[in-house]
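Comments concern the structure below.
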Amino acid sequence: MTSLPLPDLGALAVAALAAFLLAGLLAPFETLGWWAGWFGTADEVNDSSDAEVQSDESRPARSYLVFLSGIHTVAGRSFAVRERAFLERLHSELPETRVVEVFPYSVTNRALTGQRVFARFWRWALARKLGRRQLAGLAGMLINLRNGWQVAVSADRRYGPMYDAGSAELFHSALRQAGYPVAGGVPIVLVGYSGGGQIALGAAAPLSERTGARIDIVSIGGVMASPRTLHGLGRVVHLRGRNDRVARIGAAFFPGRWPLVRWSAWNRAMADGRIEVVDLGEMDHTGRDGYLDDETRTADGPSFMALTASAVARLAREAERR
Amino acid sequence: MPSVPDLIGAALRLDPNAFEAMVVRPDGARLALAILIAAGLSHALGQSVVLFAHRVRPGRFALSLAVAAVLFAASVAVWGAALELVGRFAVGGGPRLRDVLVVIGLAHAPRLLGLLTLTPYFGSGFGTVLTVWTLLASAVGAQTIFDFSLAEALVALGAAWLVSEAVGRTIGRPLMLLARNLTRWAEGQSSTVGGGAG
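Just so you know, the sequences run in chain order F and X. With this note's numbering applied, the first sequence closes on residue 331, and no number is skipped along the way. With this note's numbering applied, the second sequence closes on residue 1043, and no number is skipped along the way.
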C-alpha cells in the first residue's frame, strides 16, 4: 500500500503567508474604489442595504444604538446565536432605544454573501462554519482573516479616513431607515464587539458631523487603535474581561494604546476620563465564558451576557439623560 | 549565465556575484530597464492611495501608473549617472556609465515588492524595509563595481544623491517641471506653469 506524501511544512507556511499578504493587499481596494467612485454613486450602493432594525416603531426612540458585530460575520443576517440573544436582551432592557444592526466590514454595504464575484464562496464558508462541517475551522478562519484586514484598513492612517467616512455614511443611512430624525440631535451609541470596536471608534467623528450628535461608544472586548481624532466623541466605555487575550493583544498591537505614548488621542482621552475601561471579571473574548455567554454566571448570579448587556444599557441610559 | 529569476534572487540576497554577472550580460541594459519599469510599476501601485484620494478614473489610474513607472526608471538612471560621476572623481577613471546603470538597475530589485506597501497598517513598515534594502543592494553593487568598502560605497551613494538633487533643482529644472506636468496630465489635472517651490 502506498501512502500519500506529507505536504512540506515549509512550503505550506510560505503558501499561508502568501495568502495572508494577498488578502491584505486586496483589502483596501473596496474602500479606495468606493471613495474614487468606481463602484457607482452612494445611492446605488446603498440600495443593497444589509442593515437590520429591532424596534418598536410605535414609540419615538429616546436614543439609537448601532450594533457592530465581531469579525466572524459575513452579513448582518448571519449574526451568531449568542449575538441574536444579546440583541434581544438589549432590546428588552432598552425599550425606548432603537437597536440597529449593521455589517461593519464593507463600506459599500455589501454583505459578503451578496457580493457579485465571491458570494458563492462566502455562502459556502458560512454554511461550513455554522453547520460545523468538515473544514469549518478553515472557513471560520478565512472569514476572520477577510474582516480582520478591514479592521486594519480602518486603523491605517492612509486608508482610515476614507473607510471611516464610508462607515459613517453606512450607519447614517441605517439610522435614517430606523427613523432617526433628519434634524439629528438624538443620542447615538455605537456598540462595537471585537473588531467592531475599531470601526465604531473610527466612524465617530464623521458620524457626529453628519448627525450633529455626540457619539458614545461601548467596546465589548474591542480591538482598536488610538483614534485619529476625538472630535465628536462622547464617552467610550471599553468593557474588558480578564481572560480576554484578544483584547489584550489588540491593545499591545497598536502603539497609540501603550501607556508610554502619553500624547496619543487614546491616552489623552483616558486622562480626561472620556475613555473608561471597565473590568467585567473572568470573561473571555468569545464562546463559552465569553461576553455573550448566557449560561456561565458570575458569583453574584447574573449570566455573563446579562452583565455585558447591563453595562451597555447603562451607557445608553446615561446618553439619554445628558 | 544565471537565469533572470536567479539573478534577481541573488540581488535580493545582496550577493555581489549577481552584480558582476549583470555587468557581463549582453542583455544587461535591457534587463536593468525591465527591472526598473516593473519596480516602478510596483512602487507606483504601492503609493496609489494618492490617485484614489484624487478620485482618478480607472483609465487615468492605469495611465498614471505607467507614467510613474517611466519617471521612476528615469530618476534612478539620473542617480546612477551621478554615481558614475562621483565614482570617476573618487577613483579616477572607473567603470563605464552603462555598467554603473545596469548595476543600479539590478540593485532596485527590492522595489519589485513595492506593491506590499499597499498592505493596511503594515504597509508603511514594509516601505521603510524596502528603502533600506534597496540602499543596501545599491551599496553592494557600488562596492562590486568600484571596488569600494561598504562605508565608501554608502558615502558615494549619498554624494550621488546630492548631485542628482542639485542637478534637478538647477539645470534639470525644466525636466523636473516636465515630469510634474506629465504626472498631472496623466491624472487629468491641469498642468502648472512655472517652477513651483523647487
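Backbone N, C-alpha and C define an ideal beta-carbon position, used for all residues, glycine too. As the structure is a computational prediction, the values presented were derived from the model and not from experiment.
{"Query": "7 Å Cβ cutoff met for F/Val75 and F/Phe180", "Result": "yes"}
{"Query": "Three-way DSSP call (helix, strand, coil) for X/His888 in this model", "Result": "helix"}
{"Query": "Environment of X/Val849 [buried if 16+ CB atoms lie within 10 Å]", "Result": "exposed"}
{"Query": "Three CB pairs or more closer than 8 Å across the region 183-200 of chain F and the region 223-235 of chain F", "Result": "yes"}
{"Query": "Expected contact under 8 Å - CB spacing of X/Ala914 and X/Gly885 to nearest Å", "Result": "3 Å"}
{"Query": "Rounded straight-line distance, which links the Cα of X/Phe991 to that of X/Gly932", "Result": "7 Å"}
{"Query": "Reference F/Phe130, options F/Val116, F/Thr117, F/Leu147, closest by Cα", "Result": "F/Leu147"}
{"Query": "Identity of the residue in F/Pro16, F/Pro69, F/Ala234, F/Ser182 nearest F/Glu105 by Cα", "Result": "F/Pro69"}
{"Query": "Residue of F/Trp44, F/Gly243, F/Met292 minimising C-alpha distance to F/Val255", "Result": "F/Met292"}
{"Query": "Any 3 or more C-beta pairs closer than 8 Å across the region 895-908 of chain X and the region 1004-1017 of chain X", "Result": "no"}
{"Query": "Other residues of its chain near F/Gly157: CB distance less than 8 Å, five sequence neighbours each side excluded", "Result": "Ile80, Gly204"}
{"Query": "F/Val162 at chain X interface by Cβ criterion, 7 Å", "Result": "yes"}
{"Query": "Length of the line joining the Cα atoms of X/Gly950 and F/Ala32", "Result": "30 Å"}
{"Query": "8 Å CB neighbourhood of F/Ala320 in its chain, flanking five on each side removed", "Result": "Val227, Val246, Leu248, Val287, Leu289"}
{"Query": "Minimum length 4: unbroken alpha helix (DSSP H) runs contained in the region 151-221 of chain F", "Result": "169-186, 205-220"}
{"Query": "Beta-carbon proximity of F/Ala136 to F/Leu151, cut-off 7 Å", "Result": "no"}
{"Query": "Residue span of the alpha helix (DSSP H) that contains X/Phe967, given as start and end", "Result": "Here X/Phe967 belongs to no alpha helix (DSSP H), and DSSP marks it neither H nor E."}
{"Query": "Distance CB(F/Thr307)-CB(F/Asp298) smaller than 7 Å", "Result": "no"}
{"Query": "X/Gly964 burial status per 10 Å Cβ neighbour count (16 or more: buried)", "Result": "The sequence shown places Thr at residue 964 of chain X, not Gly. Classification for X/Thr964: buried."}
{"Query": "Under the three-state DSSP convention, the category F/Thr106 falls into", "Result": "strand"}
{"Query": "Element boundaries [beta strand (DSSP E), containing F/Asp225]", "Result": "224-229"}
{"Query": "Within 7 Å of chain X by C-beta, residues of the region 149-173 of chain F in sequence order", "Result": "Trp158, Ala161, Val162, Ala164, Asp165, Arg167, Tyr168"}
{"Query": "CB contact below 7 Å: F/Pro333 versus chain X", "Result": "Nothing in the structure corresponds to residue 333 of chain F, since chain F is present only between 10 and 331."}
{"Query": "7 Å Cβ cutoff, X/Leu963 in contact with chain F", "Result": "yes"}
{"Query": "Cβ shell of X/Phe906 (< 6 Å), same chain only, five flanking positions each side left out", "Result": "Leu896"}
{"Query": "Distance between beta carbons of F/Val160 and F/Ile229, contact taken as under 8 Å", "Result": "Actually they are not in contact, since the Cβ atoms of F/Ile229 and F/Val160 sit about 14 Å apart, beyond 8 Å."}
{"Query": "Presumed contact (8 Å Cβ cut-off) between X/Val947 and X/Met846, rounded CB distance", "Result": "No, X/Val947 and X/Met846 are not in contact; Cβ-Cβ is about 14 Å, not under 8 Å."}
{"Query": "Residues that F/Arg306 bridges to, as DSSP identifies them", "Result": "F/Ser312"}
{"Query": "For F/His247: DSSP bridge partner residues", "Result": "F/Ser228, F/Val286"}
{"Query": "Range of the contiguous beta strand (DSSP E) that encloses F/Phe262", "Result": "Looking at the DSSP string, F/Phe262 is not in any beta strand (DSSP E); the run it does join, the alpha helix (DSSP H), is 254-262."}
{"Query": "Beta-ladder partner(s) of F/Tyr73, from DSSP", "Result": "F/Arg107, F/Ile197"}
{"Query": "Rounded C-alpha distance that separates F/Val108 from F/Gly42", "Result": "30 Å"}
{"Query": "CB contact check: F/Ala36 to chain X, cutoff 7 Å", "Result": "yes"}
{"Query": "F/Pro311, buried or exposed, once every other Cβ within 10 Å from all chains shown has been counted against 16", "Result": "exposed"}
{"Query": "Contacting residues, own chain, Cβ-Cβ under 6 Å from F/Asp52 (five flanking each side not counted)", "Result": "Here the model assigns F/Asp52 a pLDDT of 47, short of 50, so the residue's position is not dependable and the matter cannot be decided."}
{"Query": "One or two residues paired with F/Asp293 in a DSSP bridge", "Result": "F/Gly299"}
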